[in-house]
Every structure is written in structure tokens, then in C-alpha cells.
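This report concerns only the one structure given below.
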Amino acid sequence: MAEGKLKIAVVGVGHLGKEHARVYSQLPNVELVGVVDIDEEQGRAVAKRLGTNFYSSVEELDGKASAVSVVVPTRAHYDVASYFLKRGIPVMLEKPMAGDLKEAMALDELSVKGGTILQVGYIERFNPVFRAVEEYPMVPRFIECHRLSNFNFRAKDIGVVLDLMVHDIDIILHLAKSPVKKVEAVGTRIISDKEDVANARIIFENGCVANVTASRVSFRPMRKIRLFSENVYISLDYEGQEAIIYKKSPKLTLDSLNLEGLDAKSLIDLKDYDFGDLLEVKHIKMENEQEPLKMELESFVDCVLNNSRPTVSGNEGLRALRVATEILRKIEENQRVIAGV
173 MAEGKLKIAV VGVGHLGKEH ARVYSQLPNV ELVGVVDIDE EQGRAVAKRL GTNFYSSVEE
233 LDGKASAVSV VVPTRAHYDV ASYFLKRGIP VMLEKPMAGD LKEAMALDEL SVKGGTILQV
293 GYIERFNPVF RAVEEYPMVP RFIECHRLSN FNFRAKDIGV VLDLMVHDID IILHLAKSPV
353 KKVEAVGTRI ISDKEDVANA RIIFENGCVA NVTASRVSFR PMRKIRLFSE NVYISLDYEG
413 QEAIIYKKSP KLTLDSLNLE GLDAKSLIDL KDYDFGDLLE VKHIKMENEQ EPLKMELESF
473 VDCVLNNSRP TVSGNEGLRA LRVATEILRK IEENQRVIAG V
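What the sequence shown shows, in this note's numbering, is residues 173 to 513, in sequence order.
What follows is the structure, encoded as C-alpha cells:
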């Protein structure tokens with residue numbers, strides 16, 4: 173091992189875990205010391221491809237890894253992550269934080285009491301276009317999110333709320349910066365035995381309202397968010413890596429609007445009206461940016477090497493799961509009403 177490199181292992185090298193291993197193998201300040209998987213064929217294949225070791229159990233990593241990525245099915249998050257946190261080993265834990273609130277609270281407590289880093293994998297925080305927009309000063313009053321995807325047959329142990337919507341829940345909580353006052357939600361099963369489509373309305377104590385929709389049975393993928401604030405509107409497309417920011421021009425006053433000169437057609441078809449003096453429009457298009465996963469894992473490595481606070485801490489992961497759990501409770505409540513139970 174080269175001097176100063178962080179020894180990292182990846183536990184769970186399925187669809188996403190093997191990408192964690194790939195990225196770590198490319199980082200100059202990391203030594204990928206091994207991968208763990210209950211599927212020996214899959215684990216050995218990944219280990220061979222990346223030139224590292226294969227282990228069949230977490231116990232075999234004792235004394236070998238200084239930090240780990242945990243990318244196992246949600247139902248196993250607590251058992252695996254707690255094994256390492258109890259031993260003072262920093263953990264990069266994929267979302268959702270755990271299968272239920274009790275387990276998530278226990279993981280956060282282990283991290284805090286032991287002074288051990290726990291970072292939760294909300295990757296959109298590291299999305300280049302979100303980071304560009306995040307730097308723009310605004311206090312959102314209304315947030316609208318759409319996250320749609322095809323059914324992938326992978327995350328079968330959780331529904332769309334914990335599979336997809338939880339990403340937007342984390343972003344919404346991060347932007348709203350206020351305690352949640354009320355949650356309303358509906359959802360339904362279409363393919364799996366858990367909710368495949370869901371919509372939630374989250375009302376915050378500061379007056380901000382968020383409307384979030386998630387589907388994993390859509391033909392056309394979509395990951396978009398719209399933010400509305402005083403004099404500012406932002407439309408962000410994660411997939412397209414672009415955003416448009418509309419801001420009220422300082423030159424705009426009610427007295428400056430003169431619509432009397434417009435004919436009836438123009439009043440109906442306002443897209444033909446010259447809004448140049450009314451709005452400042454900024455278009456952001458990200459080009460040749462790093463992949464979000466690489467940025468996320470680099471951030472985790474930096475936190476471990478410098479003993480600094482993660483971008484998404486265990487407490488923030490717990491906060492997102494708490495709201496997601498309330499959404500699931502509301503969905504179940506509505507399903508009972510519909511069923512007449």
C-alpha cells in the first residue's frame with residue numbers, strides 16, 4: 173500500500189455496489205482492500221476485475237479496512253452498518269438509511285456516541301447542476317419534484333417512496349430549512365406488492381409547501397425539480413444537467429407594465445410578448461462534469477482523512493427517513509379508507 177492511502181472495502185457489490193468499488197479503485201488516495209458479497213460468483217468477478225480481494229463475510233474484513241461502503245439491500249443496512257460503527261470504522265451507507273426508524277435512530281446514535289463518521293448516500297446533493305443552483309440565494313416558498321423511472325426489478329424489498337422519492341425528500345428538507353408541520357400522501361401498487369407510484373404534499377412551519385411525485389412504472393424517465401420563491405423561479409433537470417433561473421428584473425414595476433398597446437391576440441398569446449425588460453433569465457448547462465457518485469465518494473474519503481462532518485450526516489439521513497415513514501403511513505391510511513376498512 174502506498175503511504176497515506178485510505179484502506180476501503182465495499183460490502184455488497186450488486187448493481188450499485190460494484191460502481192462504488194470501481195470508483196474507489198480509481199481514487200489516488202484510496203486502496204480498495206476488498207469486496208464482500210454473499211453471492212460468491214458475483215463478488216469474485218468484481219474483485220478479479222478490479223484487482224482486489226474477495227471476502228464472503230464482514231468478519232473477514234476485521235483489521236483490513238479503515239472505512240467501508242455498505243451497499244446491501246435495505247433490510248440488511250442496520251446489521252451490516254452497525255457491525256462497523258461499533259468497531260469505530262467510518263461507514264458510507266447507501267440510502268435509505270435503514271428499513272425503519274428504530275434502526276436508523278440506532279445507527280445515528282452509534283455514530284454520534286462513538287464519534288464515528290456515518291455518511292448517507294443521497295447522491296443528488298453531489299449532482300453538479302444541483303450544486304450550481306444551490307449557490308443561488310433563495311428561500312423557496314413552493315417546491316415541486318418529479319422523479320419517474322422504469323421498473324428495474326432490483327429494489328424489491330422497498331417501495332417507490334424509499335427507493336426513489338426519498339432522494340427528493342432529502343433535497344426538499346435541505347432547501348426548506350424548516351421543521352415539517354404536516355404531510356399528506358397517496359400511493360398505489362401496480363407491479364410489485366409495495367407502492368409503485370406515490371405523491372406527497374409536505375407543509376413546513378415556515379410556510380413552504382412541497383409537492384413531490386415518484387413513479388417506478390413510467391415509460392419515460394424524469395428527474396426534475398422546480399423552485400418558486402420571492403421574485404425567483406428555478407427549473408432544474410438532473411438528467412439533462414441544466415437549469416434555468418428566472419429572476420424579476422430590478423427595472424420591473426407595476427407602473428412600467430404597459431399592456432394597452434397590445435392587441436387582443438397578444439394578450440392571449442403572451443409567449444410573443446417581449447419579457448426582456450421584465451425578467452432576468454440565466455441558463456446553466458453543465459458540461460464534462462464529474463459523475464456524482466465519484467464526487468460523493470471523494471467527499472466521504474475526505475471526511476475520513478480529515479475527520480470532518482459529512483455532507484449528508486446520519487442525522488440528515490434519519491430526518492429524510494422520518495418524513496418518508498410518515499408518507500408511507502399516510503399512504504396506508506388512505507388505502508384503508510378506500511378499502512372501507
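Just so you know, even glycine gets a beta-carbon here, dropped at the ideal spot from N, CA and C.
Assumed close pair residue i, residue j - CB separation to whole angstroms, cut-off 8 angstroms
{"i": "residue 343", "j": "residue 377", "result": "Their Cβ separation, rounded to whole angstroms, is 18 angstroms, which puts residue 343 and residue 377 out of contact at 8 angstroms."}
{"i": "residue 321", "j": "residue 388", "result": "5 angstroms"}
{"i": "residue 280", "j": "residue 490", "result": "5 angstroms"}
{"i": "residue 183", "j": "residue 243", "result": "7 angstroms"}
{"i": "residue 201", "j": "residue 473", "result": "6 angstroms"}
{"i": "residue 215", "j": "residue 185", "result": "6 angstroms"}
{"i": "residue 382", "j": "residue 499", "result": "Contact flag wrong, Cβ pair sits at about 11 angstroms."}
From the options, residue whose alpha carbon lies closest to that of residue i
{"i": "residue 176", "options": "487, 199, 194", "result": "199"}
{"i": "residue 467", "options": "452, 457, 483", "result": "483"}
{"i": "residue 204", "options": "284, 260, 384, 218", "result": "218"}
{"i": "residue 258", "options": "282, 232, 346, 488", "result": "282"}
{"i": "residue 507", "options": "356, 422, 214", "result": "356"}
{"i": "residue 487", "options": "346, 465, 459, 382", "result": "346"}
{"i": "residue 360", "options": "211, 504, 186, 180", "result": "504"}
{"i": "residue 233", "options": "207, 372, 260, 405", "result": "207"}
{"i": "residue 236", "options": "473, 500, 181", "result": "181"}
{"i": "residue 228", "options": "275, 222, 209", "result": "209"}
{"i": "residue 156", "options": "261, 253, 287", "result": "The question about residue 156 has no answer here: the residues shown for the chain are numbered 173 through 513."}
{"i": "residue 380", "options": "316, 202, 215", "result": "316"}
{"i": "residue 340", "options": "358, 318, 323, 349", "result": "318"}
{"i": "residue 497", "options": "273, 189, 190", "result": "273"}
{"i": "residue 231", "options": "261, 394, 302", "result": "261"}
{"i": "residue 452", "options": "480, 419, 220, 248", "result": "419"}
{"i": "residue 212", "options": "478, 248, 226", "result": "226"}
{"i": "residue 239", "options": "493, 501, 477", "result": "477"}
{"i": "residue 492", "options": "463, 335, 363, 392", "result": "335"}
{"i": "residue 187", "options": "324, 302, 311", "result": "324"}
{"i": "residue 349", "options": "197, 362, 193, 311", "result": "311"}
{"i": "residue 160", "options": "179, 481, 351", "result": "Residue numbering for the chain in the displayed model covers 173 to 513; residue 160 lies beyond these limits and cannot be assessed."}
Beta-bridge pairing of residue i - partner residues as DSSP gives them
{"i": "residue 473", "result": "Its beta-bridge partners do not exist; DSSP assigns none."}
{"i": "residue 485", "result": "291"}
{"i": "residue 408", "result": "397, 415"}
{"i": "residue 315", "result": "382, 399"}
{"i": "residue 180", "result": "204, 239"}
{"i": "residue 357", "result": "372"}
{"i": "residue 320", "result": "387, 394"}
CB contact flag (residue i, residue j, <7 angstroms)
{"i": "residue 290", "j": "residue 263", "result": "yes"}
{"i": "residue 417", "j": "residue 454", "result": "yes"}
{"i": "residue 300", "j": "residue 461", "result": "yes"}
{"i": "residue 370", "j": "residue 337", "result": "yes"}
{"i": "residue 294", "j": "residue 270", "result": "no"}
{"i": "residue 375", "j": "residue 353", "result": "yes"}
{"i": "residue 314", "j": "residue 400", "result": "yes"}
{"i": "residue 191", "j": "residue 465", "result": "yes"}
{"i": "residue 268", "j": "residue 288", "result": "no"}
{"i": "residue 265", "j": "residue 284", "result": "no"}
Proximity test, residue i beta-carbon vs the ligand NAP heavy atom, cut-off 6 angstroms
{"i": "residue 506", "result": "Only the bare structure without any ligand can be found here, which leaves the ligand NAP out of the picture."}
Which runs of the alpha helix (DSSP H) spanning at least 4 residues fall entirely within the stretch 366 to 406, listed in chain order?
-> none
Which ranges does the alpha helix (DSSP H) cover as unbroken runs of at least 4 residues, wholly within the stretch 256 to 291, from first to last along the chain?
-> Whole alpha helix (DSSP H) segments, 4+ residues: 273 to 286.
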